Amino acid sequence: MYAIVEIQGQQFKAEQGKKLFVHHIKDAEAGKTVEFDKVLLVDADGAVKVGAPTVDGAKVVCEVVNPLVKGDKVIVFKMKRRKDSRKRNGHREQFTEVEIKSVIA
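Under my numbering, the very last position in the sequence shown is 112; numbers go up by exactly one each time.
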C-alpha cells in the first residue's frame, strides 16, 4: 500500500517504513509524530483511489527522525563573457528527515 502525499508543496510517494527528506518543518522535534492529510492518491493492493483534489479521510502518519539535516552545497555561478562580470554564490537547503509509520486510507 502506498500513497502520493503533498508535503509543503512537493509530492512524495509514501510507503510504510520508508524515510523521506522533506523541506524543513518548523517546530519539529526528534521522536514527534506528524500527520499529513493532503493525500492525492492511494493504492491499496491494486485498488486505486484518486482524489479530487484530495482523498477524503486519508492521511499519512510520520515520525520525525532528524529535525534538521543540511543538504549538499549548490554553487551558483553567473558570468557575462567579455564584461569582467562574475558572481559566485553558494546555497545549502535545510531538510527534515521523517519515517513513515502508517498510511491510513
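Think of the CB as a built atom: it goes at the ideal place given N, C-alpha and C, for glycine as much as any other residue.
This one's a predicted model, so the numbers in the text were calculated from it and none came from an experiment.
Beta-carbon separation (whole angstroms), residue i vs residue j, contact threshold 8 Å
i, j, result
"R95", "I82", "7 Å"
Beta-carbon proximity check, residue i vs residue j, cutoff 8 Å
i, j, result
"F102", "C69", "no"
"I107", "V67", "yes"
"V72", "V62", "no"
"A112", "A21", "no"
"V105", "A10", "no"
For residue i, three-class secondary structure by DSSP
i, result
"Q137", "As shown, the chain starts at 8 and ends at 112. That puts residue 137 outside it, with no answer to give."
"E22", "strand"
"G64", "coil"
"I32", "coil"
"D44", "coil"
"K108", "strand"
"A10", "strand"
Cut-off 6 Å between Cβ atoms - residues of its own chain near residue i, not counting five sequence neighbours on either side
i, result
"F84", "R95"
Contact test: residue i Cβ vs the ligand SAH heavy atom, cutoff 7 Å
i, result
"L75", "Absence of the ligand SAH from the depicted structure is noted, as is the absence of any ligand whatsoever, leaving it without description."
Neighbour flag for residue i against chain D, beta carbons, 8 Å
i, result
"G38", "No chain D is part of this structure, which consists of one protein chain only."
Same chain, Cβ closer than 8 Å to residue i, neighbours up to 5 away in sequence not counted
i, result
"T40", "V68, C69, E70, V71, K108"
"G38", "E70, V71"
"V76", "F28, Q101, F102, T103, E104"
"K26", "V72, E104, V105, E106, I107"
"Q23", "M8, I107, K108, S109, V110"
Beta-carbon contacts of residue i that lie in its chain and below 7 Å, excluding the five residues immediately before and after
i, result
"E36", "V71, P74"
Item to complete: Give, in chain order, every unbroken run of the beta strand (DSSP E) that is at least 3 residues long and sits entirely within the stretch 52-97.
Response: 54-57, 66-87
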